[in-house]
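Counting from 1 along the sequence shown, just add 77 to a position and that's the residue number in our numbering. The C-beta atom is built at its ideal place from N, Cα and C for all residues, glycine as well. Predicted model, so just to flag it, every value in this text is computed and none were measured. Structure first, then comments.
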Amino acid sequence: MPGTPFIHLRVRSAYSLAEGALPAPRLVELATQHDMPALAVTDTNNLFGALEISEKLAGAGVQPITGITLSVDFADTPQQEGGAPLPPPALALLAMSEEGHANLMRLSSLAWQEGALKTGRAQVPLAAVEELNGGLICLTGGPPGPIDRALAEAQDELAAARLDLLREAFGDRLYVELQRHGEEPEKRNEPWLVERAYALGLPLVATNDCHFATHDDFAAHEVLLCIADGVQLDDPGRRRLTPEHHFKSPNEMKALFADLPEAVANTAQIARRCHFRPQTRRPMLPRYTGDDGAVRDEAAELRAQAHAGLKRRLAVQGPAAGFSERGYVERLDYELGVIEQMGFPGYFLIVADFIQWAKGRGIPVGPGRGSGAGSLVAYALTITDLDPLRFGLLFERFLNPERVSMPDFDIDFCQERRDEVIAYVQDRYGADNVAQIITFGTLQARAVVRDVGRVLGMPYPQVDRLSKLVPSGPGVSITLGEAIEAEPRLKAEAEADEQVARLLAVGQKLEGLFRHASTHAAGVVIGERPLVELIPLYRDPNSALPVTQFNMKWVEQAGLVKFDFLGLKTLSVIDRAVALIRRADPDFVFAVAGLDDAETYAMLARGETVGVFQ
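Okay, structure coming up:
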C-alpha cells in the first residue's frame with residue numbers, strides 16, 4: 078500500500094482551548110513535512126480557527142477539511158451515581174460541501190448558544206444532528222464517541238441502536254472510526270466495531286486523535302490539560318491522554334493499521350469527498366434604510382445629510398480662522414468623493430445613525446478619538462465633535478484611496494449606557510444580525526510560569542518569585558526564552574534546581590497557546606443577514622449578546638464589518654461632573670467648553686493627570 082496516502086482526519090488545533098497544542102502555523106508545518114495532500118481539523122465543539130486554518134493550509138498547497146468534534150446528547154445517556162448526567166459522547170463531522178459547512182456553523186452555534194446555556198456545557202441534541210446533517214460526513218467518534226462509550230459500559234445493544242440511528246441519518250456518509258492509541262477500551266471495542274461494520278456494509282476509517290506534534294510534547298501537554306482543569310499533575314483522577322495522541326506520520330499510521338489497509342485508504346477517499354473550504358469575503362454591510370424602512374440611495378443620502386449637517390455646524394460655530402464657508406464645502410465634497418469611490422457611504426450612515434440616536438437620548442458619546450477625527454464628513458454628521466480644519470487634521474490618515482481598507486471609527490460611549498445603544502442597533506438591524514466579537518487569552522510568559530508551577534505542585538513563594546523575574550509592564554513584550562537569556566537569575570535557578578528547569582522547559586512549550594475565550598471590549602459586527610449564515614457563533618456566559626467564533630482579524634476576513642462600541646468610565650465620570658456644574662451654571666454645555674482655560678493647563682503642567690483618559 079505504498080502509494081496510498083494517509084490523511085489525518087482528527088486533529089485538535091490550539092483552538093480546542095487548553096486542550097489542543099497545535100497552532101495553525103504548526104499544523105501547516107506538519108502537513109507539509111509529511112507530504113499530506115489534505116488535513117482535517119476537528120476542534121472540540123467549535124470552529125474558532127476554521128477560516129484561519131483553511132486559508133493557511135490552502136496557501137501552503139494543502140487541502141483543508143473543516144470539521145468539528147461535536148458533543149451530542151443521545152437522550153439515552155445513563156446517569157452517574159447521584160443523578161448527575163455523564164458528559165455527552167462526541168461525533169466527528171466533516172464538511173463535504175457548502176451545505177455541510179453551513180450545517181457545521183449552525184450545529185456549533187447551537188451547541189454554544191442553546192446547549193451551553195441550558196446545561197452548562199456545549200452540546201446539541203441528536204435531533205439537531207438528524208436535521209442538520211446534509212453535506213456532512215460522520216465518523217463515529219472513537220473512544221469518546223457514542224458507540225465506543227456504550228461498548229465500554231458493556232451495553233452492546235445500546236451501541237447497536239446508536240449505530241443504527243447514525244446509519245439512518247447519514248447513510249453512505251457514515252464511517253466506523255478506529256483508533257489505536259494503545260488504550261484498553263480501544264482494544265476491547267475494536268472486534269465488535271469491525272464485525273458490525275462488515276455486517277452492515279459500513280466503511281472503516283483509521284484515525285489518530287492528534288492533540289500535539291510529537292512524543293516530546295506529551296509531558297507539556299499533560300500540564301496543559303491540568304491548567305485547563307485546575308488540578309495538579311499528581312492528581313490521580315486528572316484527565317489523561319497518551320504519548321500516542323501526537324501527529325503521527327503517514328508511515329506510522331500505515332504500519333499501525335497494516336491489518337486493515339482499507340481503513341487507511343478511506344482517509345483519502347473521505348478527503349476526495351470533501352470539496353468545500355471557507356474562504357475570505359469582501360466586506361458586507363447591511364443596506365441603509367430611512368426611518369420609514371425604505372432602502373435609500375446611500376451616496377445621495379450621505380451627501381444630503383453631510384451638507385445639511387455642515388450647514389448646521391457652521392451656523393453655530395462658524396469657519397475656523399483662515400477658512401471660508403466655501404473652503405469647508407470644498408473639503409466636504411472632496412471627502413464625499415473619496416468615500417463614494419471606496420464604496421463606504423453606507424458605513425458612515427450606519428455609524429451616524431446610532432451615534433445620533435445615542436446623543437438624542439442623552440447618552441454621553443466621546444467627541445472623537447483616533448484618525449476618524451480628521452474627517453469633516455464625520456464632523457458634519459455629528460459622528461465626531463471636533464472640527465478637523467480648526468485643528469489641522471488630515472482626512473487621509475483615516476481614509477486613503479491609495480490604501481484601500483475599511484474605515485474604523487473609534488467610538489466611545491458612557492459605560493453605564495453602552496448597552497442601550499447596542500440594543501438599538503439590534504432592534505434596527507435584527508437581533509440575529511448583530512454580535513460582539515470573541516477574543517482569545519493566551520498563556521503569556523509570566524502567567525505561564527505561575528500556571529506551570531502550580532500544576533507541578535511547587536511552593537507558591539518560589540513560583541511567585543520566579544514569575545517576577547520575567548520582565549513585565551506596559552509596552553513590554555517578551556517571550557519566556559528571551560527572559561531566560563536576559564535574566565541571569567532565572568538561568569541560575571534552572572541550573573540549581575531540576576524542578577525549576579522543568580518548569581521553564583514546559584513553560585516555553587506552552588507559551589502562546591490559547592487558554593480561554595472572552596469578549597472584545599468594543600467590537601460589534603452588524604450583518605446584512607442572520608450572522609449564523611455567515612459565521613459560527615459563540616455564547617460568552619458573561620454576556621447576553623451572541624459572540625462571533627472568529628476573532629477580530631478573521632471576522633473581518635469573513636466579510637463582516639466591525640463597529641466600535643467602547644464603554645468608557647471616563648465619559649460616565651464627565652457626565653456626573655457636568656450634572657454637578659449645572660447646579661451652579663444651568664447653561665453649561667461640555668461640548669462647547671473652551672480649550673484655552675489657563676487653570677486646566679497649569680494643572681496638566683504640574684503632572685496632575687490621574688484619571689485623564691489616554
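Residue range of the alpha helix (DSSP H) that includes residue i
{"i": "residue 551", "result": "First-last for residue 551: undefined, no H or E at that position."}
{"i": "residue 262", "result": "261-277"}
{"i": "residue 246", "result": "233-247"}
{"i": "residue 136", "result": "127-136"}
{"i": "residue 356", "result": "No alpha helix (DSSP H) contains residue 356, which DSSP labels as neither H nor E."}
{"i": "residue 529", "result": "522-532"}
{"i": "residue 437", "result": "422-437"}
{"i": "residue 282", "result": "From DSSP, residue 282 is part of no alpha helix (DSSP H) but of the beta strand (DSSP E) over 281-284."}
{"i": "residue 558", "result": "557-563"}
{"i": "residue 503", "result": "495-506"}
{"i": "residue 682", "result": "675-682"}
{"i": "residue 344", "result": "338-350"}
{"i": "residue 453", "result": "453-457"}
{"i": "residue 297", "result": "295-306"}
First through last residue of the beta strand (DSSP E) which encompasses residue i
{"i": "residue 254", "result": "251-256"}
{"i": "residue 592", "result": "591-603"}
{"i": "residue 215", "result": "213-216"}
{"i": "residue 144", "result": "140-150"}
{"i": "residue 219", "result": "Here residue 219 belongs to no beta strand (DSSP E), and DSSP marks it neither H nor E."}
{"i": "residue 513", "result": "511-519"}
Under 7 Å between C-beta atoms of residue i and residue j
{"i": "residue 124", "j": "residue 613", "result": "yes"}
{"i": "residue 228", "j": "residue 180", "result": "no"}
{"i": "residue 88", "j": "residue 149", "result": "no"}
{"i": "residue 658", "j": "residue 597", "result": "no"}
{"i": "residue 142", "j": "residue 167", "result": "no"}
{"i": "residue 466", "j": "residue 520", "result": "no"}
{"i": "residue 604", "j": "residue 611", "result": "yes"}
{"i": "residue 358", "j": "residue 636", "result": "yes"}
{"i": "residue 486", "j": "residue 412", "result": "no"}
{"i": "residue 170", "j": "residue 145", "result": "yes"}
{"i": "residue 215", "j": "residue 251", "result": "yes"}
{"i": "residue 649", "j": "residue 492", "result": "yes"}
{"i": "residue 569", "j": "residue 522", "result": "no"}
{"i": "residue 210", "j": "residue 246", "result": "yes"}
{"i": "residue 315", "j": "residue 303", "result": "yes"}
Of the listed residues the options, nearest to residue i (C-alpha basis)
{"i": "residue 202", "options": "238, 595, 165", "result": "165"}
{"i": "residue 266", "options": "217, 383, 511, 245", "result": "217"}
{"i": "residue 590", "options": "525, 622, 184, 455", "result": "525"}
{"i": "residue 405", "options": "226, 301, 480, 385", "result": "385"}
{"i": "residue 540", "options": "403, 567, 492, 139", "result": "567"}
{"i": "residue 236", "options": "248, 220, 247", "result": "220"}
{"i": "residue 293", "options": "274, 322, 284", "result": "322"}
{"i": "residue 377", "options": "369, 426, 301", "result": "426"}
{"i": "residue 366", "options": "507, 595, 110", "result": "507"}
{"i": "residue 109", "options": "84, 346, 96", "result": "84"}
{"i": "residue 99", "options": "259, 226, 295", "result": "295"}
{"i": "residue 279", "options": "244, 543, 151, 233", "result": "244"}
{"i": "residue 665", "options": "656, 420, 673", "result": "656"}
{"i": "residue 190", "options": "620, 482, 441, 153", "result": "620"}
{"i": "residue 581", "options": "595, 556, 592", "result": "556"}
{"i": "residue 288", "options": "329, 623, 633, 121", "result": "121"}
{"i": "residue 543", "options": "93, 527, 332, 534", "result": "527"}
For residue j and residue i, believed in contact at Cβ under 8 Å, the rounded distance
{"i": "residue 474", "j": "residue 448", "result": "4 Å"}
{"i": "residue 451", "j": "residue 529", "result": "Going by Cβ atoms, the distance from residue 451 to residue 529 rounds to 47 Å, so no, they are not a contact pair."}
{"i": "residue 351", "j": "residue 173", "result": "5 Å"}
{"i": "residue 423", "j": "residue 476", "result": "Rounded, the Cβ-Cβ distance is 14 Å, inconsistent with contact."}
{"i": "residue 553", "j": "residue 642", "result": "At roughly 29 Å, the Cβ-Cβ gap does not stay under 8 Å, so residue 553 and residue 642 are not in contact."}
{"i": "residue 435", "j": "residue 383", "result": "About 19 Å separates the two Cβ atoms, so there is no contact after all."}
{"i": "residue 310", "j": "residue 577", "result": "Residue 310 to residue 577, Cβ: 15 Å. No contact."}
{"i": "residue 364", "j": "residue 510", "result": "Residue 364 to residue 510, Cβ: 12 Å. No contact."}
Coarse secondary structure for residue i, derived from DSSP in three states
{"i": "residue 615", "result": "strand"}
{"i": "residue 638", "result": "coil"}
{"i": "residue 382", "result": "helix"}
{"i": "residue 78", "result": "A caution first: residue 78 carries a pLDDT of 46, below 50, which makes its placement in the model too unreliable to give a value."}
{"i": "residue 574", "result": "coil"}
{"i": "residue 670", "result": "coil"}
{"i": "residue 657", "result": "helix"}
{"i": "residue 648", "result": "helix"}
{"i": "residue 120", "result": "strand"}
{"i": "residue 416", "result": "helix"}
{"i": "residue 91", "result": "coil"}
{"i": "residue 686", "result": "coil"}
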